[in-house]
Every structure is written in C-alpha cells, then in structure tokens.
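Asks: UniProt numbering puts the first residue of the sequence shown at 1, with every later residue one more than the last.
Even for Gly, the Cβ is constructed at its ideal location relative to N, Cα and C.
Here the structure is a predicted model, which means the values were calculated and not measured.
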Amino acid sequence: MAGSKYAYVRNFELPDPLLPGTFMVFRLDGHSFHRFSDEHKFTKPNDTRALELMDHAAKDLMEQYPDIVLGFGESDEFSFLIRKSASLYNRRQSKIVSTLTSLFTSSYVFRWASYFPDAPLKYPPAFDGRIILYPGIREIRDYFSWRQTDTHINNLYNTVFWALVQQGGESTTQAHATLEGTVSKEKHEILFSRFNVNYNAIDARFRKGSTLVREEISEEPSVPSHENVPARLSVPGSDGPSAIRMRTRTKPRTRIVVLHCDIIKDEFWDARPDILLA
C-alpha cells in the first residue's frame, strides 16, 4: 500500500502510546466464563484442572515476554506486571493488549487437552484484556493486594454457597438468601458448624490464588577447561600483551514458578526486590 494513492487511509490510524516511566498492569478476564464453566462441567466451587490450565497459559506468556515480572491469577482472571522501563512494542497499547490476550487465549486452547483429556472443547473460549498504568510502587502493591483480597472474598462466598447447595440440600436461590448480609466471620461459622470445614485448612491455591515469579536457577560453578580459557588481550598503546583476560558475564538463568502465598504482607516483596525495580 505504501506509495499508492490509497496510502492516505493510514492517516485515520490513531497513535496510542502508553505514558513512559509508569508500571503497566495487563489484566485479562474470561469472557462469559459462567456459561463456559457450566458447559464444560467445571467442579464447583473450584476446579483444580481449570486453575492449573490458567497457570500454564500464564507461564507461557511470561516465558515469551521477559518484561513481565509478576503474574497473579484467580478463577478466570490473571494480572501481569510489566516493568516500568519496558519498551514492549514501543508501548503501543493496542498492540500490547491484542498480542498478549491472543497468546494467552491460544495457549489456553492449545493446552486444554492436557488438563481435560476426557472433555473436548465444545466451543472456543474468549478472554478480554486491558492495560492499567500505575505511577509507583505503592499503587502496584495496593493493586495486587486488592486482587488477592478479592480472591479471598470470592472464594469464601463460593465455598460456603456450594456447601449449602451440594451438602446442605439448598437450592441456589435458597443458598443466596442464606448468605445475604452475612460477614466473613458468619460464613466461617456456617462452614464449621454445619459442614465441619475449617476454611483456613482449605488448599491455599483456592484461598490465595496463584502468584507467578521468576526465580534464579542455581548452577554449580565449574572449572573451565584449557580450551575455554580466553586469550590474552593486547591493549592499544602498551608494549606487549596485557595481563587482562576477557571475562564474559552471563545473565543468570531463571525459571517461572507458581506460588500460593500471601502477597499483601511485606515478606513477599522484601524477598523479591527485583520485581519492583525499573
């Protein structure tokens, strides 16, 4: 199209660069996943297979994009922190959102059979994505605290709700009515007194969500062989070869790990200061 009389149509494309020097949080959500989970018979209130599939798709995304330094997921939602200094796709919002959403979705479909071998996809799942900009560390900490708090609130409600339906014999309408206006303490009491369930003993994956981080792979130092010893360098202006040897510094290898831990308190962040570096 370049150079033709039709090239003027490109003037209608609007630039959408994201503000530089800010943290980018990319969040995606399953589109109409209530129907999707019902159609594919997800276990209620939590389906471990579905959650592990989400984790795997998130891991694929982080492996493809090193600028993503943190991921947090719950249910059909995932949030990713993109470092402040990232120049990914020249920080073009539409390019980042469309590409990352597309890759996550295709990975979810690609790996479906590994987690649901006996339940073929009935129709394609869809995810929507967005980018939110945050100016500083405090806002990033608060964002991920908000998402983990939401995980706890939703999971506590769903755990009690489905206990009332599956074990208590209530209809979904009755269960909603039973829980209407209740606070956290009362929900805990319903679980324990009626169903002998200690909420705090439930799998941390369900209560705290999935946190994906990069961890360095420790490698044992090896003594270089004669062939691997670098040659001496000649320094310009010197009378002879310099005693300085070349030293190559390689970037440490990392792997992406999935944690189910508290990311609201300082301990998580203090142990991983690199996450919030520019």
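Locate the beta strand (DSSP E) running through Arg-130, then write down its first and last residues.
Replies: 127-134 is the extent of the beta strand (DSSP E) around Arg-130.
Asks: Can you tell me whether DSSP reads Phe-80 as helix, strand or coil?
Replies: Strand, per DSSP.
Asks: Report all residues from its chain with a CB closer than 6 Å to the CB of Pro-45; omit the five preceding and five following residues, and keep chain order.
Replies: Result list for Pro-45: Asn-158, Thr-159, Trp-162, in chain order.
Asks: Report, in whole angstroms, the separation of the C-beta atoms of Leu-164 and Thr-178, which I expect to be a contact under 8 Å.
Replies: Sure, about 6 Å apart at Cβ, within 8 Å.
Asks: Checking contacts by CB at 8 Å: is Glu-77 closer than that to chain B?
Replies: Absent from the structure is chain B; it holds one protein chain and no more.
Asks: Helix, strand or coil for residue 279 per DSSP?
Replies: Outside the shown range of the chain, which is 1 to 278, sits residue 279, and nothing can be said about it.
Asks: Using only the alpha-carbon positions, how far apart do Asp-38 and Ser-4 sit?
Replies: Approximately 51 Å between the Cα atoms of the pair.
Asks: Report yes or no: do the segment 85-103 and the segment 140-151 share at least 3 C-beta pairs separated by less than 8 Å?
Replies: No, the segment 85-103 does not touch the segment 140-151.
Asks: What residue range does the beta strand (DSSP E) around Ile-68 cover?
Replies: Segment 68-74, the beta strand (DSSP E) holding Ile-68.
Asks: Rounding to the nearest angstrom, what Cα-Cα distance links His-152 and Asn-11 in this structure?
Replies: Each residue's alpha carbon lies about 48 Å from the other.
Asks: I need the boundaries of the beta strand (DSSP E) containing Ser-210, first residue and last residue.
Replies: Counting along the chain, the beta strand (DSSP E) containing Ser-210 begins and ends at 210-216.
Asks: Could you tell me which of Leu-61, Ser-87, Phe-26 sits nearest to Gly-129, measuring between CA atoms?
Replies: Ranking the options by Cα distance to Gly-129, first place goes to Phe-26.
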